[in-house]
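Below you'll find the structure, written out as structure tokens, and then a few comments.
2 protein chains.
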Amino acid sequence: MTIDNLDARLIALLHAEPRLGVLECSRRLGVARGTVQARLDRLTDRGVITGFGPDVSPAALGYDVTAFVSMEIRQVAGHDPVADRLARIPEVLEVHTITGDSDLLCRVVARTNADLQRVIDRIVEVQGVLRTNSIIALDTPVPYRVLPLVADVPRRPGR
Amino acid sequence: MTIDNLDARLIALLHAEPRLGVLECSRRLGVARGTVQARLDRLTDRGVITGFGPDVSPAALGYDVTAFVSMEIRQVAGHDPVADRLARIPEVLEVHTITGDSDLLCRVVARTNADLQRVIDRIVEVQGVLRTNSIIALDTPVPYRVLPLVADVPRRPGR
DNA sequence: TGTATGAGTGCACAACCTGCCTAGCGATTC
DNA sequence: GAATCGCTAGGCAGGTTGTGCACTCATACA
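Protein chains in written order, with full-length UniProt numbering: chain A, 1 to 159; chain B, 1 to 159.
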């Protein structure tokens, strides 16, 4: 779906100060409370806004190491049981099926490099996993963000 | 830092119903309001909770294609200007410096495969980028999550 | 031209929640 | 023993929410 300028400003505002109430948002944006309420409902209904955190930092919990593990798996038709088993490992934060030499790419975290070994061991022992390849993220100069995408809204006035 | 069972339950509760107030949380968890307030403050102060969304879905905005682009760059000492320039591309959602053959790994989204070409072109023309390699995420059987990590809290009672 | 329709405004109401404070209790630490 | 910490329980004023309603305006379309 497309969003207009007001939606974008609303998302940006909530992003900056998430615990803001509807009323305060309406004041900041210079529109009526009902409008903010309606926009918020619409954005949520249409799936643009999927939720409101809380956003948890793995690093703050002691998971300082992030790695990307790609793997080849024994291919099966239909739904993939390997992903299900990977999902049972808490340190696996994300799994994608991908193009290229490997079949799956997942993001994992661990407390230390030694702990990463333990996590990778758990991955390797998942049935159907044939080979893995790990890449450690040393630093994250641009942490995950969506705001620029939202701000990049086509120039429809939107009040 | 370490969190206890109550913290974990609080995070899980807020994750499930994010717009819940402090008072309602305290009722659901069976503790006093002040406690929830204190826990929340503490978790936020210590950086475990970094914010409260809103979580925006790129897919809902029409960005249906996700890809991981790894690249080699012309190495420079100190702070990396390539990452800064990549950060100016809205479709670049995340940038990591990594171990292995490549230097940077970034997550990008695009509206279509053709649009992905446009985004990659923008990346390639960034000064200092020597070579890129793109992997498309076909499907995401496990979307980004942190809850299992939180739930995996050591068995300290925590009421 | 006439008329739905959708979106926004402004206002009102009761119920509820928040921020803040106080006081007491039990466990832990020194 | 004394201090400290985390939790419970309660009170208070003021702000906010959810909801409903009447009105306006612009767009779309027979």
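We treat Cβ as the ideally placed atom computed from N, Cα and C, and that holds for glycine.
Alpha carbons only, please: which of the options is nearest the one belonging to residue i?
| i | options | result |
| --- | --- | --- |
| Arg131(A) | Arg74(A), Pro148(A), Pro143(A) and Asn113(A) | Arg74(A) |
| Phe52(A) | Glu72(B), Gly21(B) and Pro90(B) | Gly21(B) |
| Ile89(B) | Ala67(B), Val126(B) and Pro54(B) | Val126(B) |
| Pro141(B) | Arg85(A), Val124(A) and Asn113(A) | Arg85(A) |
| Ala59(A) | Val109(A), Arg28(A) and Leu93(A) | Val109(A) |
| Val48(B) | Val65(A), Ile49(A), Asp55(A) and Val95(A) | Asp55(A) |
| Ile123(A) | Thr99(A), Leu105(A) and Arg28(A) | Leu105(A) |
| Ile98(B) | Val119(B), Val69(B) and Asp121(B) | Val69(B) |
| Tyr63(A) | Gly100(A), Glu94(A), Ala77(A) and Asp115(A) | Asp115(A) |
| Ala77(A) | Gly128(A), Leu40(A) and Val119(A) | Gly128(A) |
| Arg107(B) | Gln117(B), Val92(B) and Asp121(B) | Val92(B) |
| Pro143(B) | Val95(A), Pro18(A) and Ala38(A) | Val95(A) |
| Ala87(B) | Arg145(A), Arg118(A), Arg39(A) and Pro18(A) | Arg145(A) |
| Leu138(A) | Asn133(B), Gly100(B) and Thr50(B) | Gly100(B) |
| Thr50(A) | Asn133(B), Asp121(B) and Ser57(B) | Ser57(B) |
So is residue i in contact with chain A if we call contact Cβ pairs under 8 angstroms?
| i | result |
| --- | --- |
| Gly158(B) | Since pLDDT at Gly158(B) reaches only 36, below the 50 mark, its modelled position is unreliable, and the value read off the structure follows with that caveat. For Gly158(B), the answer is no, since every Cβ of chain A falls outside 8 angstroms of its Cβ. |
| Val126(B) | no |
| Glu24(B) | no |
| Ile123(B) | no |
| Thr112(B) | no |
| Arg155(B) | Low local confidence applies: a pLDDT of 46 at Arg155(B) is under 50, so the model's placement there is unreliable, with the coordinate-based value given in what follows. No, Arg155(B) lies away from the interface with chain A (no Cβ there is under 8 angstroms from its Cβ). |
| Asp152(B) | yes |
Kindly list the residues whose CB is nearer than 6 angstroms to the CB of residue i, restricted to its own chain and excluding five residues on each side of it in sequence; keep chain order.
| i | result |
| --- | --- |
| Gly158(A) | Reliability of the predicted coordinates at Gly158(A) is poor, the pLDDT of 36 falling under 50, and the value obtained from them is presented with this limitation in mind. Hits under 6 angstroms: Asp4, Asn5 and Leu6. |
| Thr2(B) | none |
| Glu72(B) | Ser102, Asp103, Leu130 and Arg131 |
| Ile136(B) | Ala67 |
| Val150(A) | Ala8 and Ile11 |
| Val36(A) | Val22, Cys25 and Ser26 |
| Val119(B) | Glu91, Val108 and Ala110 |
Below 8 angstroms on C-beta distance, what does residue i contact in chain B?
| i | result |
| --- | --- |
| Asp80(A) | Pro141 |
| Ile120(A) | Those do not exist, as Ile120(A) stays about 14 angstroms from chain B at its closest Cβ, beyond 8 angstroms. |
| Leu14(A) | Gly53 and Pro54 |
So, does the CB of residue i fall closer than 8 angstroms to a CB anywhere in chain B?
| i | result |
| --- | --- |
| Arg145(A) | yes |
| Thr35(A) | no |
| Val31(A) | no |
| Ala77(A) | no |
| Thr50(A) | yes |
| Gly21(A) | no |
| Leu116(A) | no |
Just the chain A side, please: which residues come within less than 8 angstroms of residue i by C-beta, in chain order?
| i | result |
| --- | --- |
| Glu72(B) | Correct list: empty, because the minimum Cβ distance to chain A is about 14 angstroms. |
| Ala83(B) | Pro141 and Val142 |
| Val95(B) | Thr140, Pro141 and Val142 |
| Leu105(B) | Phe68, Ile135 and Ala137 |
List, in chain order, every chain A residue whose beta-carbon is nearer than 7 angstroms to that of residue i.
| i | result |
| --- | --- |
| Gly100(B) | Ile135 |
| Arg28(B) | Within 7 angstroms Cβ-Cβ: nothing; Arg28(B) doesn't reach chain A, min ~15 angstroms. |
| Arg46(B) | Ala60 |
Residues of chain B with a CB under 7 angstroms from the CB of residue i: which are they?
| i | result |
| --- | --- |
| Ala87(A) | Val142 |
For residue i, which residues in chain B fall below 9 angstroms Cβ to Cβ?
| i | result |
| --- | --- |
| Leu149(A) | Val56, Pro58, Leu61, Tyr63, Pro90, Glu91, Leu93 and Val109 |
Spatial neighbours of residue i within its chain, please: CB distance less than 7 angstroms, with the 5 preceding and 5 following residues excluded, ordered by chain position.
| i | result |
| --- | --- |
| Asn113(A) | Val65 |
| Leu147(B) | Ala12 and His15 |
| Val153(A) | Ile3, Asp4, Asn5 and Ala8 |
Starting from residue i, find everything on chain A with Cβ-Cβ shorter than 9 angstroms and list it in chain order.
| i | result |
| --- | --- |
| Asp7(B) | Residues of chain A passing the Cβ test: none, with the nearest at roughly 10 angstroms. |
Identify, in the order they occur along the chain, each residue of the same chain with its Cβ nearer than 8 angstroms to the Cβ of residue i, setting aside the five sequence neighbours on each side.
| i | result |
| --- | --- |
| Ala32(B) | Ser26 |
| Pro81(A) | Gln127 and Gly128 |
| Pro18(A) | Phe52 and Gly53 |
| Leu43(A) | Ile3, Asp7, Leu10, Ile11 and Ile49 |
Please tell me whether, using a cut-off of 7 angstroms, the distance from the CB of residue i to the nearest non-hydrogen atom of the ligand ATP is below it.
| i | result |
| --- | --- |
| Pro90(A) | In the structure shown, the ligand ATP is absent, as is every other ligand, since no ligand is present at all. |
Problem - Runs of alpha helix (DSSP H) wholly within the stretch 54–97 of chain B (minimum 4 residues, chain order) - result: 81–87
Exercise for the section: Go through the UniProt domain "HTH asnC-type" (3–64) of chain B residue by residue and report every complete run of the alpha helix (DSSP H) that reaches 4 residues or more, in order. Expected result: 5–16, 22–29 and 33–45
Practice task
Please list the segments of the alpha helix (DSSP H) lying wholly inside the stretch 96–159 of chain B, counting only runs of 4 or more residues, in order along the chain.
Solution key: For secondary structure counted as the alpha helix (DSSP H) over 4 or more consecutive residues, the stretch 96–159 of chain B holds these complete runs in sequence order: 113–124 and 147–151.
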